[in-house]
Amino acid sequence: MARTEFNIELCKGCGLCVSVCPQKIIALRKDILNSKGFHPSGVEDMDRCTGCTICATICPDCVITVYR
Amino acid sequence: MKPVFTRTTGLTDKPFHYCPGCTHGIIHRLIAEVMVEMNILDTTIGVSPVGCTYNNYEYFACDMIQAAHGRAPAVGTAIKRVHPENMVFTYQGDGDLAAIGAAEIVHAAARGEKISTFFVNNAVYGMTSGQMAPTTLIGQVTTTSPFGRRPEFEGYPINVSEMIATLRGAVYVERVAVNDFSHITKAKKAIKKAFRVQQEGLGFSMVEILSTCPTNWGKDPVASLRWMEDAMFKQYPLGIYRGQDLEV
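Quick mapping for you: the protein sequence lines, in order, are chains A and B.
First residue of the first sequence: 525, per my numbering; consecutive thereafter.
First residue of the second sequence: 105, per my numbering; consecutive thereafter.
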């Protein structure tokens, strides 16, 4: 049981978290824009999140908080 | 559920101004996390460089000071000698440290100044829009080497860690990278070790951190990490160049 929170206002849509997620459940949310004008990333299927923190570790902008 | 990964208190709340995918943000976070874990946030004075990270005094929650271009080790030397009980680190890029500041870093290391230097190497001048740096790889295209760096015209890249490791005053020199989870973990350990060397008063410590510059490399952030692994690791092998047997 794990949960990942994204501070979408900080996200610059670089996609590094998308590339490293072992569960492949992170994607850029093409349906929304943040105030910087980026498509922020988010988790599509939170039930499959293992809370491994790999996404948060590679995030250059401290967007991600992980709960486990 | 309890939080297992949160924004460290070693950073201020100010959002980074760096380009999307720039790994400066990861390196900032690692340094801040180490300062919090070692409980030295209140006693650390950092020296900001000139370059993309010119205003990183806005981001670190410790005391910071700005140095002239390349002169961070000289400013750090002064701070450490006046305040020997404080921890002092310099944060410098390759244009700052390896070009205009080459003399400062060499002599700070030779004198064995008890400061820690975090040297971020992304093989290009980032802030001024991608000119060739001393660390630019052979064949790498930049705005001032449009045909790729040619040794007969532009010379060879400088391997700073290897150079500094020849000096007796340098106690600990390691090159790390921030391209994936395991390397980021190793980079954090290296940063901690550099601070420990300073805390023990052993001498000069430097960690060279290979970084990316997606904007000026002309690659997307993920492709930049792969290029770092494929091209930069060959020119700049990771590892400990001084202080292999160090126990701190």
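All C-beta atoms, glycine included, are put in the ideal place defined by N, C-alpha and C.
Being a predicted model, the structure only gives us computed values, none of them experimental.
Residue(s) in a DSSP beta bridge with residue i
i, result
"residue 278 of chain B", "B:311 and B:344"
"residue 530 of chain A", "A:588"
"residue 170 of chain B", "B:152"
"residue 191 of chain B", "B:148"
"residue 567 of chain A", "A:550"
"residue 164 of chain B", "B:115"
Three-state secondary structure assigned by DSSP to residue i
i, result
"residue 148 of chain B", "strand"
"residue 196 of chain B", "strand"
"residue 179 of chain B", "helix"
"residue 109 of chain B", "strand"
"residue 306 of chain B", "coil"
"residue 157 of chain B", "coil"
"residue 231 of chain B", "coil"
"residue 221 of chain B", "strand"
"residue 271 of chain B", "coil"
"residue 115 of chain B", "strand"
"residue 257 of chain B", "helix"
"residue 120 of chain B", "coil"
"residue 352 of chain B", "coil"
"residue 581 of chain A", "helix"
"residue 573 of chain A", "coil"
"residue 536 of chain A", "coil"
Per-residue burial, residue i [other beta carbons within 10 Å of its own, 16 or more giving buried]
i, result
"residue 159 of chain B", "exposed"
"residue 155 of chain B", "buried"
"residue 200 of chain B", "buried"
"residue 265 of chain B", "buried"
"residue 351 of chain B", "exposed"
"residue 164 of chain B", "buried"
"residue 129 of chain B", "buried"
"residue 243 of chain B", "exposed"
"residue 557 of chain A", "exposed"
"residue 186 of chain B", "exposed"
"residue 572 of chain A", "exposed"
"residue 298 of chain B", "buried"
"residue 283 of chain B", "buried"
Continuous alpha helix (DSSP H) stretch holding residue i: start and end
i, result
"residue 129 of chain B", "128-141"
"residue 289 of chain B", "285-303"
"residue 212 of chain B", "206-214"
"residue 557 of chain A", "Here residue 557 of chain A belongs to no alpha helix (DSSP H), and DSSP marks it neither H nor E."
"residue 327 of chain B", "325-331"
"residue 545 of chain A", "Looking at the DSSP string, residue 545 of chain A is not in any alpha helix (DSSP H), and its letter there is neither H nor E."
Extent of the continuous beta strand (DSSP E) run through residue i
i, result
"residue 552 of chain A", "550-552"
"residue 319 of chain B", "Element bounds for residue 319 of chain B: not the beta strand (DSSP E) but the alpha helix (DSSP H), 318-321."
"residue 245 of chain B", "Element bounds for residue 245 of chain B: n/a, residue is neither H nor E."
Residue i: contacting residues in chain C (beta-carbon distance under 8 angstroms)
i, result
"residue 540 of chain A", "No chain C appears in this structure, whose protein chains are A and B."
Residue i beta carbon near the ligand NAD (any heavy atom closer than 7 angstroms)
i, result
"residue 110 of chain B", "The ligand NAD is not part of this structure, which contains no ligands at all."
Any contact between the stretch 254-264 of chain B and the stretch 178-193 of chain B? By contact I mean 3 or more CB pairs, one from each, below 8 angstroms.
no
The stretch 266-281 of chain B touching the stretch 302-318 of chain B, judged by at least three CB pairs closer than 8 angstroms:
yes
Can we say the stretch 109-120 of chain B touches the stretch 310-329 of chain B, given the rule of at least three CB pairs closer than 8 angstroms?
no
With contact counted as at least three CB pairs below 8 angstroms, one residue from each stretch, are the stretch 169-189 of chain B and the stretch 123-142 of chain B in contact?
no
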